[in-house]
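To start, the structure under review is shown below, and the notes come after it.
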Amino acid sequence: MTQGRANIIKLPEIKLVDQYKRRLNYLRISVTDRCNMKCMYCMTHQKTSKLPCREILRYEEVLRIARIFINLGVSKIRITGGEPLVRKGICEFLSGLSGLGGLTDLSITTNGVFLKEKIKQIQSAGIRRLNISLDTLDKDKFKKISGIDAFSQVWESIMLALDMGFDPIKINVVALNGINDDELPDLARLSLSYPFHVRFIEYMPIGTSRMTFRQLLAPEIQDRISSIGRLDPVENISFDGPAKRFRFENAKGEIGFIRPISEHFCSSCNRLRLTASGNLKTCLLSEIETDLKGPLRKGYSDSELADIILKAVYNKPFEHPLVANHAGMISGCMSAIGG
Ligand code: SAM
Ligand code: SF4
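So in the numbering used here the end of the sequence shown lands on 340, straight run, no missing numbers.
If you want it as structure tokens, here you go:
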């Protein structure tokens, strides 16, 4: 499962191909809709009710669905949430997932608050790559954005992850005009001193966040950090995902731009998502979901579940609604879908 062993794994044929011939080999699994934070861009208006526990997939159910996906050709899985590290038993689950075999990449996205206390178990479970969200280097602003006073914990987690050899460590920054735009150069400078991949993400108008501010898009972000030095493009390799990658001269790390709005990557999208409630989403920003939990709990066999998955995948929308309609807001909740 580790990067080193990737070469010797014989990957199953990818059966997950949609009608536009896109090959879907990357599954993002949200293991919970719960979170210890309330980031202003993710779930500002916390009126959204939490899923009842029985509606959330049990770990053994997630493992079964994951195994079916792997047999259909998924080779990369990212665990996300909500905050995955708030769910009890997460490290044992990660070990179980790693033990399924067949993956070239298994990683998690976390807000980092509980990372320090779980990091050894996470590493023992076979995780080598981490995405940690950090939108500011300012303690007070961190509280304003996330609702909790936890900058130091997150920073300590990041430093510990670095010491323990996680590689790469990707730092996810949602660019927020009027909130953290003044810090974009400082956040970008992290890639000079540390081998971090600092990734600026365009805010997506989804779910309960409903922020009303002028969008800060990748070209403008790039412009704002250009005072630091020349940004040289870095060639994308497979599994890089949609980030457009760059590096400052002599930098230890990289800069990436995730541009769902300014330059959507729909035509080459290889992603599928399993929500915490057991729905398959073939497009993050589409409202179409396919229930897998119901059939699974009704006793469907693996091959019957695989048929449902294949059919949903075949019908994956060609592009997301923000592209198709130039629409405003998309319903759903990022914390349940997993970003
Ligand atoms: N709680 C974990 C975290 O924050 O890293 C994992 C779940 S979070 C939903 C996954 C990613 O989605 C985070 O990097 C977060 O910054 C990003 N995200 C959440 N809401 C977003 C939005 N409206 N637009 C763009 N990115 C968003
Ligand atoms: Fe929680 Fe992550 Fe959403 Fe922030 S972005 S509220 S940490 S799920």
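Don't be surprised by glycine CBs; every beta carbon is placed ideally from N, CA and C.
(request) Report yes if the CB atom of residue 151 is closer than 7 Å to the CB atom of residue 256, and no otherwise. (result) Result no, Cβ atoms of residue 151 and residue 256 do not sit closer than 7 Å.
(request) With a threshold of 6 Å, establish whether the CB of residue 83 neighbours any heavy atom of ligand 2. (result) It does: the Cβ of residue 83 is within 6 Å (strictly closer) of some heavy atom of ligand 2.
(request) Consult DSSP for residue 151 and reduce its assignment to one of helix, strand or coil. (result) In this structure, residue 151 counts as coil in the three-state DSSP scheme.
(request) Consider the C-beta atom of residue 26 and the heavy atoms of ligand 2; say whether any pair is separated by less than 6 Å. (result) For residue 26, the shortest C-beta to heavy atom distance toward ligand 2 is 6 Å or greater.
(request) Please go through the same chain and pick out, in chain order, the residues whose beta-carbon is closer than 6 Å to the beta-carbon of residue 201, but skip the five residues on each side of it. (result) Answer for residue 201: 174, 176, 222 and 258, listed in chain order.
(request) Inspect the beta-carbon positions of residue 203 and residue 137 and report whether they are closer than 7 Å. (result) Cβ atoms of residue 203 and residue 137: not closer than 7 Å.
(message) As a quick exercise: from 143, 115 and 68, pick the residue whose alpha carbon is nearest that of residue 91.
(response) Closest by alpha carbon: 115.
(request) Please check if any C-beta of chain B sits within less than 7 Å of the C-beta of residue 80. (result) In summary, chain B is missing from the structure at hand, where a single protein chain is found.
(request) Taking residue 63 as the reference, give the member of 38, 94 and 88 with the closest Cα. (result) Looking at the Cα atoms, 94 is the closest of the given residues.
(request) Could you tell me if residue 40 is buried or exposed, where buried requires 16 or more neighbouring beta carbons within 10 angstroms of its beta carbon? (result) So residue 40 counts as buried.
(request) Along the alpha helix (DSSP H) that carries residue 185, what are the first and last residues, could you check? (result) Per DSSP, residue 185 belongs to the alpha helix (DSSP H) from 185-194.
(request) Starting from residue 117, trace the alpha helix (DSSP H) both ways and give me its first and last residue. (result) First-last of the alpha helix (DSSP H) with residue 117: 116-125.
(message) Let's test the definition: count the other Cβ atoms within 10 Å of the Cβ of residue 254 and tell me whether it reaches 16, buried, or not, exposed.
(response) That one is buried.
(message) Count Cβ pairs between the region 119-129 and the region 157-166 that sit closer than 8 Å; are there 3 or more?
(response) Taking 8 Å as the limit for Cβ pairs, the verdict is that the region 157-166 does touch the region 119-129.
(request) Answer yes or no: the CB of residue 44 versus the heavy atoms of ligand 2, is any distance below 6 Å? (result) Residue 44 has its CB nearer than 6 Å to a heavy atom of ligand 2.
(request) Give me the Cα-Cα distance between residue 3 and residue 120, rounded to the nearest whole angstrom. (result) Only weak support exists for where residue 3 lies, its pLDDT of 43 falling under 50; the coordinates are left without a value.
(request) Measure the Cβ-Cβ separation of residue 272 and residue 219 and say whether it is below 7 Å. (result) Cβ atoms of residue 272 and residue 219: not closer than 7 Å.
(request) State the beta-bridge partners of residue 176 as determined by DSSP. (result) 203, per the DSSP bridge assignment.
(request) Indicate the three-state DSSP secondary structure (helix, strand or coil) for residue 287 in the structure shown. (result) In the three-state scheme derived from DSSP, where H, G and I count as helix and E and B as strand, residue 287 is classed as coil.
(message) I need the DSSP call for residue 264, collapsed to helix, strand or coil.
(response) Note: residue 264 maps to coil in three-state DSSP.
(message) residue 133 and residue 159 - do their beta-carbons sit closer together than 7 Å?
(response) Against a cut-off of 7 Å, the Cβ pair of residue 133 and residue 159 comes out as a contact.
(request) Name, in chain order, the residues that DSSP records as bridge partners for residue 280. (result) Looking at the DSSP output, residue 280 shares a beta bridge with 292.
(request) Answer with buried or exposed for residue 76, where buried requires no fewer than 16 other C-beta atoms within 10 angstroms of its C-beta. (result) With 16 or more other Cβ atoms within 10 Å, it is buried.
(request) Determine the contact status of residue 244 and residue 192, defining contact as a CB-CB distance below 7 Å. (result) No, Cβ-Cβ distance for residue 244 and residue 192 is not below 7 Å.
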